[in-house]
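Peer 1:
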Amino acid sequence: MRPGIDVECREVGLRDGLQIQQVFFATEGKIAWLTAEAAAGMPEIEVCSFVPPKLLPQFADNQEVVAAALAIDGAFISALAPNLKGAQNAFKAGIHKLNYVTSVSESHNMANVRRTVDESVADFERIVAARNEASGDTLLAVGLSTALGCTIEGPVALDAVLKLAERFVAAGADEISVADTVGYANPVQVKEMFNAVIGEFGGRVAVAAHFHDTRGLGLANVFAALEAGCTRFDASLAGLGGCPFAPHATGNIVMDDLVFLLEGAGLKTGVDLDALVKIRDIITANLPDEPLNGMYAKAGPPKGFVPASKAA
Ligand code: ZN
């Protein structure tokens, strides 16, 4: 955790938000976005995915984007890699943290990364070894997708999440991120999940939450996870990134609304909310047809609102 803040937000819009975006977001636009967000105080920015350009042309400029991001003084930069090859390229690029994903449900993992869960764990072990050889100091985060429900298998057992988390922690993960990839979760379920995960692993690794707002419960789930002791949250500016399985459905929770929630609740994020909202214009300039989500940006601050980060 950065000194002086209570909750760490991670911007995932440049990766999670753009990965299903068919329109190429110009490289200068991506750099303008991440530069402005770092200046607004965002503690971590996930800037791209290390995948072959023919698979996801959106990230064909990942080397350039990462180089620009790493040149920003004080910025903490992460990127996603779905396999060893991607991870090796990410280490070479010099990122601060690598985000790796595995679905808790076997069939979703097969659909998403075309591997069994066992194969995903084995690949992660090779990534840990490669990290130790390459740089040694890149942090490794593992996102457990479909931890709170799966579009293929339905409900996912809490015990299955804990067992898989244990395997990744044992393999050398520095962070476990519990993801409601498809927006199925409710706050009661989230509280139970995070109580269990933090109780089991909180003393050993960082625990983060990745929620989607597909059914409108994203921020309620954030609050439930907060109450269970979670202090790391993913979100994307303007909620960029839909759900590939539900056209017009909202994807990631909205960063601006998340910061408003946290700052209003007296929790310092270190993020300047006014500056953050202005960055939405960069998305509009680069993706003019993309509808932006977020209620705070529409309604503005309540009269007399003082964000916790700005309170005396
Ligand atoms: Zn997401």
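End of the sequence shown = 370 in the working numbering, gap-free, step of one.
Cβ coordinates follow ideal geometry from the N, Cα and C atoms, glycine included.
Just so you know, these numbers come straight off a predicted model, no measurement behind them.
So does the region 347-358 actually touch the region 309-320, counting three or more Cβ pairs closer than 8 Å?
Peer 2: yes
Peer 1: In this structure, what does DSSP give as the bridge partners for Lys155?
Peer 2: If you number the sequence shown from 1, residue 155 lands on position 97. Answer by DSSP bridge pairing, in chain order: Ser136, Leu197.
Peer 1: Bridge partners for His166 per DSSP, in chain order?
Peer 2: Counting from one through the sequence shown, the residue named residue 166 turns up at place 108. Partner(s): none; His166 has no beta bridge.
Peer 1: Thr174 by DSSP, collapsed to three states: which one?
Peer 2: Residue 174 sits at position 116 when you count from the first residue of the sequence shown. Thr174: coil per DSSP, three-state reduction.
Peer 1: In angstroms with no decimal places, state the Cα-to-Cα distance between Lys150 and Ala192.
Peer 2: Along the sequence shown, read from residue 1 onward, the residue named residue 150 stands at position 92. Along the sequence shown, read from residue 1 onward, the residue named residue 192 stands at position 134. Put simply, the backbone Cα of Lys150 is about 7 Å away from that of Ala192.
Peer 1: What residues are listed by DSSP as bridge partners for Ile89?
Peer 2: Locating residue 89 in the sequence shown gives position 31, where the first residue counts as 1. According to DSSP, Ile89 bridges with nothing at all.
Peer 1: Can you tell which of Phe83, Phe259, Pro101, Ala370 has the C-alpha that lies nearest to the C-alpha of Val123?
Peer 2: In the sequence shown, counting from the first residue as 1, residue 123 sits at position 65. Considering only alpha carbons, the answer is Phe83.
Peer 1: Assuming Phe134 and His154 form a contact by the criterion Cβ under 8 Å, report the distance between their Cβ atoms to the nearest whole angstrom.
Peer 2: Residue numbering aside, residue 134 sits at position 76 when the sequence shown is read from its first letter. Residue numbering aside, residue 154 sits at position 96 when the sequence shown is read from its first letter. Contact flag correct, Cβ pair sits at about 5 Å.
Peer 1: Starting from the N-terminal side, write out each stretch of the beta strand (DSSP E) that is 3 residues or longer and does not extend beyond the region 231-262.
Peer 2: 233-238
Peer 1: Whose C-alpha, out of Gly71, Cys106, Asp181, Lys143, is nearest the C-alpha of Thr160?
Peer 2: In the sequence shown, residue 160 corresponds to position 102, counting from 1. Ranking Gly71, Cys106, Asp181, Lys143 by Cα distance to Thr160 puts Asp181 first.
Peer 1: Whole alpha helix (DSSP H) runs in the region 261-327 with 4 or more residues, listed along the chain?
Peer 2: 276-285, 313-322
Peer 1: Have a look at Asn244, Ala199, Ala129 and flag the residue whose alpha-carbon is nearest the alpha-carbon of Ala97.
Peer 2: On the sequence shown, residue 97 is found 39 positions in, with the first residue counted as 1. For the residues Asn244, Ala199, Ala129, the minimum Cα distance to Ala97 belongs to Ala129.
Peer 1: Have a look at Lys143, Ala223, Pro213 and flag the residue whose alpha-carbon is nearest the alpha-carbon of Arg184.
Peer 2: Start at 1 with the first residue of the sequence shown, and residue 184 comes out as number 126. The option with the nearest alpha carbon to Arg184 is Lys143.
Peer 1: Have a look at Ser163 and Leu350 and give me their C-alpha separation to the nearest angstrom.
Peer 2: Position 105 of the sequence shown, counted from the start, is the residue given in the question as residue 163. Position 292 of the sequence shown, counted from the start, is the residue given in the question as residue 350. For Ser163 and Leu350, the distance between alpha carbons rounds to 31 Å.
Peer 1: Can you list, in chain order, the residues of its chain with a C-beta nearer than 6 Å to that of Leu76? Leave out the 5 residues immediately preceding and following it.
Peer 2: Taking the first residue of the sequence shown as position 1, residue 76 is located at position 18. If we look at Leu76 and ignore the five residues flanking it on each side, its Cβ neighbours are Phe83, Gln116.
Peer 1: I'd like to confirm something about His166: is its beta-carbon nearer than 7 Å to some heavy atom of ligand 1, or not?
Peer 2: In the sequence shown, counting from the first residue as 1, residue 166 sits at position 108. Checking every heavy atom of ligand 1 against the Cβ of His166, none is found closer than 7 Å.
Peer 1: Keeping to the same chain, check which residues put their C-beta closer than 7 Å to that of Gln412; ignore five residues upstream and five downstream.
Peer 2: Beyond the ends of the chain as shown, which are 59 and 370, falls residue 412; an answer cannot be given.
Peer 1: Rounded to a whole number of angstroms, what is the C-alpha to C-alpha distance between Phe363 and Arg60?
Peer 2: Position 305 of the sequence shown, counted from the start, is the residue given in the question as residue 363. Position 2 of the sequence shown, counted from the start, is the residue given in the question as residue 60. Between Phe363 and Arg60, the C-alpha separation is close to 24 Å.
Peer 1: Let me check one thing: in DSSP terms, what residues is Gly362 bridge-paired to?
Peer 2: Counted from its first residue, the sequence shown places residue 362 at position 304. The partner list for Gly362 (beta bridge, DSSP) is empty, contrary to what the question assumes.
Peer 1: When every heavy atom of ligand 1 is checked, does at least one fall within less than 7 Å of the C-beta of Val248?
Peer 2: Stepping through the sequence shown from its first residue, residue 248 is reached at position 190. Val248 Cβ: outside cutoff for every heavy atom of ligand 1.
Peer 1: Checking the sheet assignment: what are the DSSP bridge partners for Leu202?
Peer 2: Looking up residue 202 in the sequence shown gives position 144. Beta-bridge pairing links Leu202 to Thr160, Val236.
Peer 1: Would the beta-carbon of Val240 fall within 8 Å of that of Met251?
Peer 2: Looking up residue 240 in the sequence shown gives position 182. Looking up residue 251 in the sequence shown gives position 193. Their beta carbons are not under 8 Å apart, which means Val240 does not touch Met251 by this criterion.
Peer 1: Is the Cβ-Cβ distance between Gly260 and Gly287 less than 8 Å?
Peer 2: Looking up residue 260 in the sequence shown gives position 202. Looking up residue 287 in the sequence shown gives position 229. The answer is yes: Cβ separation under 8 Å.
Peer 1: Can you tell me where the alpha helix (DSSP H) holding Glu224 begins and where it ends?
Peer 2: Along the sequence shown, read from residue 1 onward, the residue named residue 224 stands at position 166. Start and end: 216-229.
Peer 1: Does Ala286 get closer than 8 Å to chain B when you measure Cβ to Cβ?
Peer 2: You won't find chain B in this structure, because it holds only one protein chain.
Peer 1: For Val65, does the three-state DSSP call read helix, strand or coil?
Peer 2: Here residue 65 corresponds to residue number 7 of the sequence shown, with the count starting at 1. Coil.
Peer 1: Among Gly297, Asp74, Ala125, Val329, which has the Cα closest to the Cα of Glu348?
Peer 2: Position 290 of the sequence shown, counted from the start, is the residue given in the question as residue 348. Ranking Gly297, Asp74, Ala125, Val329 by Cα distance to Glu348 puts Gly297 first.
Peer 1: If you draw a straight line from the C-alpha of Val175 to the C-alpha of Asp238, how long is it?
Peer 2: To locate residue 175, count along the sequence shown from 1; it is residue 117. To locate residue 238, count along the sequence shown from 1; it is residue 180. Cα-Cα distance, rounded: 17 Å.
Peer 1: Any heavy atom of ligand 1 within a distance shorter than 7 Å of the CB on Asn154?
Peer 2: Along the sequence shown, one-based indexing puts residue 154 at 96. Here residue 154 turns out to be His, not Asn, going by the sequence shown. No; taking the cut-off as 7 Å, the Cβ of His154 has no heavy atom of ligand 1 nearer than that.
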